Amino acid sequence: MAMDEDVGLRHRRRTTSPARTQEQEGGRRRSRTKRFASQIAACGLRLADSAFGVQRVDAKHDVEAFSREFRGKNGDRAVRFLPDTYREALRKAHREHKFLLVYLHAHEHEDVPTFVENTLADAVFASFVSENFVCWGGDVRTTEANKLSWSLGATAYPFMALLMSHSSTRTSVILKQKGICEKETMLDMLVRANEEQGAMLVALRAEEEERMRNRQLREEQDAAYLASLEADRKREEELEEAQRREEEETRRVQEEEERIRAEQLEEERRIQEKAKERERIRAEKAKKSHARARGWSWNYFHSNQATRWIAQTSQVPCHCHRGAAVRLCGFS
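Quick note on the numbering used here: the sequence shown kicks off at 443 and runs consecutively.
Here it is as structure tokens:
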């Protein structure tokens, strides 16, 4: 029996359809291709980093280090770069409705020191860009700046670009400057780009302000509505509390009246019981007095009879034998 099952299993394996076999093989091949591609990409990234001297450290730490080093070498009169990541700088520019000015620093390039000293460290240039733009700078030896140089097509240094942020993830390039140029030329290009493209930012700023006003108005209306609801709730609670107190007072008065009525009834009952008791005592006394009076009359009658009987039998006058008759009848 086991041998038959084994033969049937081998038969099913041999009779599997060629189309299904090819599909399974194609799936395994695609999976191997994806793994190989990911390995090649990781290897290429490592090779690129080693070729350009890129150090993979925290992006915010890299930007803070570059900003601190740049300010330490060129002083406070130079352009102040935002010590945040590129994404954070984009969000800040979008939030403030300003252009983002990007500077990519390549310290080994021969034209970079001259550009920094004559342009970026100039007080007039630094004041203009700091007032009108959000400035971000990075060293191409770091990961984030290196990636940005590839995406912006920085083929010559020093490199500057003016970007407009439409959202936190979507940007458009307004201006790119590759290689060294005079301060006046760079300043003129930035002023012209700001004037030509600034209308769009003004419109965006107006829309944002309108949205903020509408949102603030809605919040104020919601706050007023909630305040009205809260006032109505407090008023209802006060009315319910007043009604509860009134009911409690009415109930207390009723209970007090019932207690007083019960005490009066109890007092009347005690008075009636006392009156009944006095009446009973008077009745008993009257009854005893009546009984005593009846007993006296009977004894007195019989004492007279006894007196006459004694006188008749003893031939003695009645008045002589009245004391003996009285004693005989119980009046001693």
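Glycine residues also receive a C-beta, built at the ideal position from the N, C-alpha and C atoms.
All of these numbers come straight from a predicted model, not from anything done at the bench.
Please go through the same chain and pick out, in chain order, the residues whose beta-carbon is closer than 8 Å to the beta-carbon of valine 576, but skip the five residues on each side of it.
What you label residue 576 is simply residue 134 of the sequence shown in a count that begins at 1. These residues qualify, in order along the chain: Leu524, Ala531, Lys534, Ala535, Glu538, Lys540, Phe541, Leu542, Leu543.
Work out the CA separation of glycine 517 and histidine 549 for me, nearest whole Å.
Reading the sequence shown from its first residue, position 107 is the one you call residue 549. Reading the sequence shown from its first residue, position 75 is the one you call residue 517. Cα to Cα, the separation comes out at about 17 Å.
For threonine 584, report the span of its alpha helix (DSSP H) as first-last.
Taking the sequence shown and counting its residues from 1, the one referred to as residue 584 is at position 142. Here threonine 584 belongs to no alpha helix (DSSP H), and DSSP marks it neither H nor E.
Grab the span of the alpha helix (DSSP H) containing tyrosine 528 for me, first residue to last.
The residue given as residue 528 occupies position 86 in the sequence shown. Note, tyrosine 528: alpha helix (DSSP H), 528-538.
Please confirm if the segment 603-621 is in contact with the segment 559-573, defined as three or more CB-CB distances below 8 Å between the two stretches.
No contact exists between the segment 603-621 and the segment 559-573.
Of the residues Asp500, Ala501, Val554, the one placed nearest phenylalanine 512, counting alpha carbons only:
Translated into the one-based positions of the sequence shown, residue 512 becomes position 70. Considering only alpha carbons, the answer is Val554.
What number of angstroms, rounded off, separates the C-alpha of lysine 502 from the C-alpha of tyrosine 545?
Start at 1 with the first residue of the sequence shown, and residue 502 comes out as number 60. Start at 1 with the first residue of the sequence shown, and residue 545 comes out as number 103. Each residue's Cα considered, the two are about 16 Å apart.
Alanine 603: first and last residue of the uninterrupted beta strand (DSSP E) it sits in:
The residue you call residue 603 lines up with position 161 of the sequence shown. Alanine 603 -> beta strand (DSSP E) spans 601-607.
Three or more C-beta pairs closer than 8 Å, one from the segment 585-597 and one from the segment 656-665: is that the case here?
no
Who pairs with lysine 618 in a beta bridge, going by DSSP?
Residue 618 sits at position 176 when you count from the first residue of the sequence shown. DSSP output for lysine 618 lists Ala603 as bridge partner(s).
Assuming alanine 785 contacts leucine 617 under a Cβ cut-off of 8 Å, what Cβ separation, rounded to an integer in Å, is found between them?
The requested residue 785 does not occur in the structure, where the chain is confined to residues 443 to 774.
Taking the DSSP output, what are the residues bridged to tyrosine 545?
Sequence index remark: in the sequence shown, residue 545 carries index 103 (1-based). Answer by DSSP bridge pairing, in chain order: Gly579, Met602.
Where does histidine 732 land, buried or exposed, given buried means 16+ other C-beta within 10 angstroms?
Taking the sequence shown and counting its residues from 1, one reaches residue 732 at position 290. It counts as exposed.
Given a cut-off of 8 Å on the beta-carbon distance, is the pair alanine 596 and alanine 520 in contact?
Here residue 596 is taken as the residue at index 154 of the sequence shown, counted from 1. Here residue 520 is taken as the residue at index 78 of the sequence shown, counted from 1. No, they are not a contact pair.
Answer yes or no: do aspartate 581 and histidine 547 have a C-beta to C-beta separation smaller than 8 Å?
The residue given as residue 581 occupies position 139 in the sequence shown. The residue given as residue 547 occupies position 105 in the sequence shown. Yes. Within cutoff.
Would you report the Cα separation of leucine 666 and glutamate 672, rounded to the nearest angstrom?
Counted from its first residue, the sequence shown places residue 666 at position 224. Counted from its first residue, the sequence shown places residue 672 at position 230. The sequence shown places alanine at residue 666, not leucine. If you take the alpha carbons of alanine 666 and glutamate 672, they lie about 10 Å apart.
Could you check how far apart the C-beta atoms of alanine 598 and lysine 625 are, in whole angstroms? I think they sit under 8 Å.
As a first step, residue 598 must be located in the sequence shown, where it is residue number 156. As a first step, residue 625 must be located in the sequence shown, where it is residue number 183. Alanine 598 to lysine 625, Cβ: 18 Å. No contact.
Is it buried or exposed for glycine 579, if we count other Cβ within 10 angstroms and need 16 for buried?
Along the sequence shown, read from residue 1 onward, the residue named residue 579 stands at position 137. Glycine 579 comes out buried.
Could you check if threonine 692 is buried or exposed, using at least 16 other CB atoms within 10 Å of its CB as the buried criterion?
Position 250 of the sequence shown, counted from the start, is the residue given in the question as residue 692. It is exposed - the Cβ of threonine 692 has fewer than 16 other Cβ atoms within 10 Å.
8 Å Cβ cutoff met for isoleucine 622 and threonine 556
As a first step, residue 622 must be located in the sequence shown, where it is residue number 180. As a first step, residue 556 must be located in the sequence shown, where it is residue number 114. Yes, the pair counts as a contact, with Cβ atoms nearer than the cut-off.
Is threonine 597 helix, strand or coil when you go by DSSP?
As a position in the sequence shown, residue 597 is number 155, starting the count at 1. Coil.
What number of angstroms, rounded off, separates the C-alpha of phenylalanine 508 from the C-alpha of glycine 514?
The residue you call residue 508 lines up with position 66 of the sequence shown. The residue you call residue 514 lines up with position 72 of the sequence shown. Roughly 10 Å between the two C-alpha positions.
To the nearest angstrom, how far is the alpha carbon of histidine 551 from that of phenylalanine 601?
Position 109 of the sequence shown, counted from the first residue, corresponds to residue 551. Position 159 of the sequence shown, counted from the first residue, corresponds to residue 601. Each residue's alpha carbon lies about 11 Å from the other.
Inter-residue spacing [alpha-carbon to alpha-carbon] between leucine 632 and aspartate 500
Your numbering for residue 632 matches position 190 in the sequence shown. Your numbering for residue 500 matches position 58 in the sequence shown. Straight-line Cα distance between these residues: approximately 31 Å.
Using only alpha-carbon positions, find the residue among Glu709, Val615, Leu562, Arg653 that is nearest to methionine 628.
Here residue 628 refers to the residue found at position 186 when the sequence shown is read from its first residue. Answer by Cα proximity: Leu562.
Alpha-carbon to alpha-carbon, arginine 722 and arginine 712:
Residue 712 sits at position 270 when you count from the first residue of the sequence shown. Residue 722 sits at position 280 when you count from the first residue of the sequence shown. Each residue's Cα considered, the two are about 15 Å apart.
Put glutamate 689 into one of helix, strand or coil per three-state DSSP.
Taking the sequence shown and counting its residues from 1, one reaches residue 689 at position 247. If DSSP states are grouped into helix, strand and coil, glutamate 689 belongs with the helices.
Would you report the Cα separation of glutamate 683 and arginine 675, rounded to the nearest angstrom?
Here residue 683 corresponds to residue number 241 of the sequence shown, with the count starting at 1. Here residue 675 corresponds to residue number 233 of the sequence shown, with the count starting at 1. Glutamate 683 and arginine 675 have their C-alpha atoms some 12 Å from each other.
Apart from the five residues just before and just after valine 566, which ones in its own chain have a Cβ nearer than 6 Å to its Cβ?
In the sequence shown, counting from the first residue as 1, residue 566 sits at position 124. So no residue of the chain qualifies.
Please classify valine 695 as buried or exposed, where buried requires at least 16 neighbouring CB atoms within 10 angstroms.
Counting from 1 along the sequence shown, the entry for residue 695 is found at position 253. Valine 695 is exposed by the Cβ-count criterion.
Can you give me the Cβ contacts of glutamate 506 inside the same chain, cut-off strictly under 8 Å, excluding the 5 residues immediately before and after it?
Walking along the sequence shown from the start, residue 506 turns up at place 64. The answer, listed in chain order, is Pro525.
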